[in-house]
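S.K.:
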Amino acid sequence: MKVYKISVLGPQGSGKGTQSALLTSKLNIPAISMGQLFRDEVEQKGKYADEVEKIMNKGEMVPERISKVLLVNRLSRDDVKNGYIIDGFPRNMEQYEYFHRDIDEFTHVIVINLSDEKAIERISGRRICSECGKVYHMVYYPPQYDEICDECGKKLEIRDDDKPEVIKRRLEVYHTYTEPVIEKYREEGILYEVDGDQSIEDVHRDIMKIFTD
Ligand SMILES: [Zn+2]
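In short: position in the sequence shown from 1, add 911, done, that's our numbering.
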């Protein structure tokens, strides 16, 4: 059996989490998301919970000493022995360096490209119901009545993470810190680029072409 160790990169809003989830069921290997590792740490009230929560609310980077520990712990579990898909990592050169020095190597790096304009349009349309947790999008999946939850009639809210100033800051971080990492993988010849400005199904189809050899 072929072992795939895959990194999926792309700006916030590119759908890399969704695509990783689709790919995980096709390749039958687990998907790991740094964002999810951070959220789990907060929800499970782990050692770094307070620190991680504050940083995420500001749209800033979680420090490497924390990312590294959370990732090493995750990759020490049995379920990754046949490979894994990791989404949103490495997002800067420091992570790239320590990952390849101390942890592992990738077989494929997929980058889902999306313009800033499209990313902002996608993310800023998101709304959530604080009552039932249902998620909407004002363009792609709107509620029946203006910003009101279909289920419980409560006014929908924008998550702190989805506010325009936080999104813009994240996109800047992506251009400054993640794009140099992408260039490294391009030089190494393991980079596969996919156009993210398509439907979920079409992006998935393009990604699957990489693995039909
Ligand atoms: Zn609701």
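Glycine included, every Cβ here is placed at the ideal spot set by N, Cα and C.
What residues match up with N1003 in a beta bridge as DSSP calls it?
M.R.: By 1-based counting over the sequence shown, the position of residue 1003 is 92. Beta-bridge pairing links N1003 to no other residue.
S.K.: Indicate whether E1068 and I1031 have their beta-carbon atoms separated by less than 7 Å.
M.R.: Walking along the sequence shown from the start, residue 1068 turns up at place 157. Walking along the sequence shown from the start, residue 1031 turns up at place 120. The answer is no: Cβ separation not under 7 Å.
S.K.: Scan the region 958-1040 and note each continuous alpha helix (DSSP H) run of 4 residues or more that stays entirely inside, going in chain order.
M.R.: DSSP runs (the alpha helix (DSSP H)) wholly in the region 958-1040: 960-968, 975-986, 1004-1009, 1027-1035.
S.K.: With ligand 1 as the reference, list in chain order each residue whose Cβ lies under 7 Å from any of its heavy atoms.
M.R.: After applying the 7 Å Cβ criterion, the set is C1040, E1042, C1043, K1045, C1060, E1062, C1063, K1065.
S.K.: Determine the direct distance from the alpha carbon of T935 to that of Q911, and round the result to whole angstroms.
M.R.: Lying outside 912 to 1124, the shown extent of the chain, residue 911 is not represented and no answer is given.
S.K.: Going by beta-carbon coordinates alone, are Y910 and G970 separated by less than 7 Å?
M.R.: Any question about residue 910 goes unanswered here, given that the chain covers just 912 to 1124.
S.K.: Only counting runs of 3 or more residues, tell me where the beta strand (DSSP E) segments fall wholly within the region 922-947, in order along the chain.
M.R.: Listed in chain order, the complete beta strand (DSSP E) runs (minimum 3 residues) inside the region 922-947 are 942-944.
S.K.: Ignore the nearest five residues each way along the sequence and tell me which others in C1060's own chain have a CB closer than 7 Å to its CB.
M.R.: As a first step, residue 1060 is located in the sequence shown; it is residue number 149 there, counting from the start. Cβ neighbours of C1060 beyond the five flanking positions: C1040, E1042, C1043, K1045, P1054, L1067.
S.K.: Would you kindly work out how many angstroms separate the C-alpha atoms of E1005 and E975, rounded to a whole number?
M.R.: Taking the first residue of the sequence shown as 1, we reach residue 1005 at position 94. Taking the first residue of the sequence shown as 1, we reach residue 975 at position 64. So the two alpha carbons sit approximately 8 Å from each other.
S.K.: Under 6 Å Cβ to Cβ from M1049, same chain only, skipping five residues before and after it: list those, please.
M.R.: By one-based count along the sequence shown, residue 1049 stands at place 138. Around M1049: G1036.
S.K.: Mind checking whether G921 and V1022 have CB atoms under 7 Å apart?
M.R.: Here residue 921 refers to the residue found at position 10 of the sequence shown. Here residue 1022 refers to the residue found at position 111 of the sequence shown. Contact: yes.
S.K.: Work out the CA separation of V1114 and R950 for me, nearest whole Å.
M.R.: As a first step, residue 950 must be located in the sequence shown, where it is residue number 39. As a first step, residue 1114 must be located in the sequence shown, where it is residue number 203. The alpha-carbon atoms of R950 and V1114 are separated by roughly 26 Å.
S.K.: Does the structure place the region 941-957 close enough to the region 973-992 that three or more beta carbon pairs sit under 8 Å?
M.R.: Verdict: yes, contact present.
S.K.: Give the range of the alpha helix (DSSP H) segment to which K1095 is assigned.
M.R.: Your numbering for residue 1095 matches position 184 in the sequence shown. From DSSP, the alpha helix (DSSP H) with K1095 extends over 1090-1099.
S.K.: Please tell me whether Y1103 and I1121 are closer than 7 Å, where the distance is taken between their beta carbons.
M.R.: Here residue 1103 is taken as the residue at index 192 of the sequence shown, counted from 1. Here residue 1121 is taken as the residue at index 210 of the sequence shown, counted from 1. Taking 7 Å as the Cβ cut-off, Y1103 and I1121 qualify as a contacting pair.
S.K.: Identify whether V919 lies in helix, strand or coil by the three-state DSSP scheme.
M.R.: Position 8 of the sequence shown, counted from the first residue, corresponds to residue 919. It is a strand residue.
S.K.: With DSSP run on the structure shown, which of helix, strand or coil describes D1106?
M.R.: Stepping through the sequence shown from its first residue, residue 1106 is reached at position 195. D1106: strand per DSSP, three-state reduction.
S.K.: Assuming T929 and I1111 are in contact, meaning their beta carbons sit under 8 Å apart, how far apart are those beta carbons, in whole angstroms?
M.R.: As a working mapping, residue 929 is identified with position 18 in the sequence shown. As a working mapping, residue 1111 is identified with position 200 in the sequence shown. Correct: roughly 6 Å between the Cβ atoms.
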